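For reference, the structure discussed in these notes is given below.
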């Protein structure tokens with residue numbers, strides 16, 4: 002009887018594992034910054050939490066974490082810039098540490114930075130039809146521009162907007178080949194650098210010179 006119960010419990014566990022969605026399993030190990038999974042997660046969060054009849058999304062970004070999450074290449078935060086029906090612009094973030102729950106809305110300070118641009122006139126990002134392959138194309142194009150003496154370590158951030166240039170900006174963390182670490186007082190740290198990339202008017206990614 003005990004053997005039968007054990008078999009049934011194992012079978013039930015197998016069913017539960019099989020029933021888990023692919024996105025759920027990915028969340029357990031982290032959503033990688035530079036993958037289509039990050040784009041799909043951004044789309045699903047928007048679909049589940051941001052009502053298109055109440056809000057217009059004009060910017061979306063996802064960012065790697067700090068501290069223990071730095072250089073992990075895992076998404077820590079998705080942030081959306083949104084316009085309400087009155088034309089006010091707000092930011093709202095969804096954090097991995099909170100199980101992708103929403104933070105409080107915060108005023109984006111639109112009037113301070115865009116005095117001559119009415120947010121009501123800014124086009125929306127069509128999140129439902131955002132193409133992961135197109136996003137990946139830009140990310141891979143940015144990686145291809147990394148100078149030869151460096152190599153990719155993680156993606157710090159990806160940002161897309163409809164109102165300001167550049168429309169797409171990407172930050173990559175890189176390490177210098179042969180000089181990846183430094184030791185001091187018995188502690189070894191990774192030495193990395195942040196490179197900025199943007200999509201120009203011709204639709205090509207370019208490295209922003211420091």
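Numbering (this note's numbering), first residue to last: 2 to 211.
Glycine is no exception: its CB is placed at the ideal position from the N, C-alpha and C atoms.
These numbers were taken from a predicted model, which means no experiment stands behind them.
Can you check DSSP and say which residues form a bridge with residue i?
i           : result
residue 89  : Paired residue(s): none; residue 89 is not in a bridge.
residue 80  : 62 and 94
residue 75  : 33
residue 57  : 84
residue 207 : 199
What is the rounded straight-line gap between the Cα of residue i and the Cα of residue j?
i           : j           : result
residue 141 : residue 48  : 26 Å
residue 95  : residue 51  : 11 Å
residue 76  : residue 43  : 10 Å
residue 143 : residue 103 : 30 Å
residue 163 : residue 125 : 7 Å
residue 23  : residue 172 : Because the pLDDT at residue 23 is just 43, under 50, the model does not fix this residue reliably, and the point stays unresolved.
residue 110 : residue 57  : 16 Å
residue 46  : residue 93  : 11 Å
residue 127 : residue 78  : 20 Å
residue 168 : residue 161 : 6 Å
residue 165 : residue 107 : 20 Å
residue 170 : residue 91  : 20 Å
residue 147 : residue 210 : 12 Å
residue 97  : residue 113 : 30 Å
residue 123 : residue 31  : 33 Å
residue 205 : residue 129 : 24 Å
residue 149 : residue 105 : 43 Å
On the premise that residue j lies in contact with residue i, defined as a C-beta separation below 8 Å, what is that separation, rounded to the nearest angstrom?
i           : j           : result
residue 121 : residue 88  : 4 Å
residue 151 : residue 178 : 7 Å
residue 72  : residue 193 : 7 Å
residue 208 : residue 175 : Not confirmed; about 11 Å, so no contact.
residue 231 : residue 139 : The chain is shown only over 2 to 211; residue 231 falls outside these bounds and no answer can be derived.
Ordered list of alpha helix (DSSP H) runs contained in the segment 101-162, each at least 4 residues:
Complete alpha helix (DSSP H) runs here, min 4: 111-114 and 133-145.
For the structure I just gave you, are there three or more beta carbon pairs, one from the segment 121-136 and one from the segment 36-50, closer than 8 Å?
By the Cβ rule, the segment 121-136 counts as touching the segment 36-50, because three or more pairs are nearer than 8 Å.
Is it a yes or a no for the segment 148-163 touching the segment 55-68, going by three-plus beta-carbon pairs under 8 Å?
A contact is defined here as three or more CB-CB pairs under 8 Å, and the segment 148-163 meets this definition with respect to the segment 55-68.
Length at least 3, wholly inside the segment 158-204: the beta strand (DSSP E) runs in chain order:
Those beta strand (DSSP E) runs which fall completely within the segment 158-204 and span 3+ residues are 169-177, 182-185, 188-191 and 194-200.
With a threshold of 8 Å, are at least 3 pairs of Cβ atoms found where one atom belongs to the segment 76-90 and the other to the segment 173-187?
Using a C-beta cut-off of 8 Å, the segment 76-90 makes no contact with the segment 173-187, since fewer than three inter-stretch Cβ pairs fall below that distance.
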